[in-house]
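To start, the structure under review is shown below, and the notes come after it.
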Amino acid sequence: MQAGGSDLSYQNFRVYTNDDVVGTELGGAVKNVIALAAGIVGGLGLGANSIAALITRGLAEMARLATAEGARPETLMGLAGLGDLVLTCTGELSRNRHVGQELGRGRSLEEVLAGMNEVAEGVITTRAVNQLATRRGVDIPITSGVHAVLYEGMRAREAAKCLMARPLRGEFEGSRF
574 MQAGGSDLSY
584 QNFRVYTNDD
594 VVGTELGGAV
604 KNVIALAAGI
614 VGGLGLGANS
624 IAALITRGLA
634 EMARLATAEG
644 ARPETLMGLA
654 GLGDLVLTCT
664 GELSRNRHVG
674 QELGRGRSLE
684 EVLAGMNEVA
694 EGVITTRAVN
704 QLATRRGVDI
714 PITSGVHAVL
724 YEGMRAREAA
734 KCLMARPLRG
744 EFEGSRF
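Going by the numbering used here, 745 is the number at position 172 of the sequence shown; the sequence numbering is gapless.
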């Protein structure tokens, strides 16, 4: 693993290796769903603090699901988790963030997707992540809210209200994340 990293690294590009395939794959998939949610928050005009909170709680959601599947928690705190998550949730070129923003502004999924020439992977991934979490008994309220918007006809603002209406608890209560 280390040899491959040194072969690919050069002056302006540094490679960090990681042998946690499950954590890397789930981090790369679930971050697209969280980016949809971050876009929705932005599209609703809820501001940078709300987006930061969403990303933070989204990371916890990613870590709960990934560790339930056997991933190492530190993988989600590295480039394959947090690094990719932050970029996808905040980057101007993020297709998933764009779709979420448009949903937050009130456009329909069909209308948004019809106007795109590229794929927003999170749209399909949301369904798979929701099913996996259900099978594993993992609480993923952000993903569940995105699923409700994409596939159950819930309006984005209503999904945000549902998230905010969840019972209050300590940030780390009942979970390592």
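We treat Cβ as the ideally placed atom computed from N, Cα and C, and that holds for glycine.
Which of helix, strand or coil DSSP assigns to residue i
{"i": "Y589", "result": "coil"}
{"i": "E694", "result": "helix"}
{"i": "G643", "result": "coil"}
{"i": "A738", "result": "coil"}
Residue i versus residue j: straight-line alpha-carbon distance, rounded
{"i": "V595", "j": "R645", "result": "8 angstroms"}
{"i": "G747", "j": "E634", "result": "13 angstroms"}
{"i": "T663", "j": "D580", "result": "30 angstroms"}
{"i": "E684", "j": "A738", "result": "29 angstroms"}
{"i": "R742", "j": "A732", "result": "19 angstroms"}
{"i": "A653", "j": "L723", "result": "25 angstroms"}
{"i": "L686", "j": "S582", "result": "37 angstroms"}
{"i": "L736", "j": "Q584", "result": "44 angstroms"}
Of the listed residues the options, nearest to residue i (C-alpha basis)
{"i": "V659", "options": "T629, R708, V719, I697", "result": "T629"}
{"i": "G612", "options": "Y583, T698, G677", "result": "G677"}
{"i": "E598", "options": "G651, E725, A729", "result": "G651"}
{"i": "A693", "options": "L609, Q584, D580", "result": "L609"}
{"i": "G615", "options": "Y589, H671, E691, G631", "result": "H671"}
{"i": "Q704", "options": "L655, N585, L638, N669", "result": "L638"}
{"i": "V702", "options": "K604, V588, D593", "result": "K604"}
{"i": "L655", "options": "N669, G643, L632", "result": "L632"}
Limits of the alpha helix (DSSP H) - the one that residue i falls within
{"i": "S681", "result": "It is not in any alpha helix (DSSP H) - S681 carries neither H nor E in the DSSP assignment."}
{"i": "V603", "result": "594-616"}
{"i": "G710", "result": "Unbroken run through G710: none, as it is neither H nor E."}
{"i": "Y583", "result": "Y583 -> no alpha helix (DSSP H), and no H or E assigned at all."}
{"i": "G718", "result": "714-724"}
{"i": "G677", "result": "668-677"}
{"i": "L655", "result": "It is not in any alpha helix (DSSP H) - L655 carries neither H nor E in the DSSP assignment."}
Exposure label - residue i; buried when at least 16 CB within 10 Å
{"i": "Q674", "result": "buried"}
{"i": "A706", "result": "buried"}
{"i": "S681", "result": "exposed"}
{"i": "D592", "result": "exposed"}
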